[in-house]
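J.: First residue of the sequence shown: 1021, per this note's numbering; consecutive thereafter.
The structure under discussion is supplied below as structure tokens; questions concerning it will follow.
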Amino acid sequence: MIVMTNKGDSLTFVPSFRSLAACEQLYNTGYRNLYWVQGGFDAAEEGDFEQDGPQPLKFAGIGGFSEFIGWTDQQRSASAKEGWGYRAMYFGRLVGVILLADALFVGVQQLIHKIQEVNL
1021 MIVMTNKGDS LTFVPSFRSL AACEQLYNTG YRNLYWVQGG FDAAEEGDFE QDGPQPLKFA
1081 GIGGFSEFIG WTDQQRSASA KEGWGYRAMY FGRLVGVILL ADALFVGVQQ LIHKIQEVNL
């Protein structure tokens, strides 16, 4: 992943082989203010980089289902600092997802049963 800032020629790269190759190519074309961050956003601490918005930088690479239920290591460590309310929110989401999956499973079973009754 490449993060480009609009403040001068500063570019930040998160570790992967593609970003390292991109960093090397940009260096060869004349860019000198380049950073390749070992450990990526997960390793970033408050104040390491300038950022826009209140969200900590180490949460920048989190998304999708794992973000929704708070499954990542960064979210679990943050919830340990925030207290039980934060944990309860993510636990409630996880329980909701399980109940929804269960309801869909039972609903499909009932639908199949009804279809079989109609076909007899």
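Just so it is clear, CB atoms sit at the ideal spot from N, CA and C, and this is done for glycine as well.
Which whole-angstrom value is the C-beta distance of I1089 and L1114, which I expect to be below 8 angstroms?
T.: 5 angstroms
J.: Mapping DSSP to helix, strand and coil, what is T1140?
T.: Here residue 1140 turns out to be Leu, not Thr, going by the sequence shown. Secondary structure at L1140: coil, using DSSP grouped into helix, strand and coil.
J.: Would you report the Cα separation of A1041 and G1105, rounded to the nearest angstrom?
T.: 43 angstroms
J.: Note the first and the last residue of the continuous beta strand (DSSP E) segment covering L1054.
T.: L1054 to W1056
J.: Going along the chain, which residues of its own chain have a beta-carbon closer than 8 angstroms to the beta-carbon of Y1047, five neighbours each way excluded?
T.: L1054
J.: Use the C-beta contact count for E1095: other C-beta atoms within 10 angstroms, 16 or more gives buried, fewer gives exposed.
T.: It is Gln, not Glu, that sits at residue 1095 in the sequence shown. Q1095 should be labelled buried.
J.: Would you tell me roughly how many angstroms separate the C-alpha atoms of P1076 and T1092, rounded to the nearest one?
T.: For P1076 and T1092, the distance between alpha carbons rounds to 14 angstroms.
J.: Using the C-alpha atoms, what's the distance from D1122 back to W1056?
T.: 44 angstroms
J.: May I have the straight-line CA-CA distance separating K1134 from I1118, to the nearest angstrom?
T.: 24 angstroms
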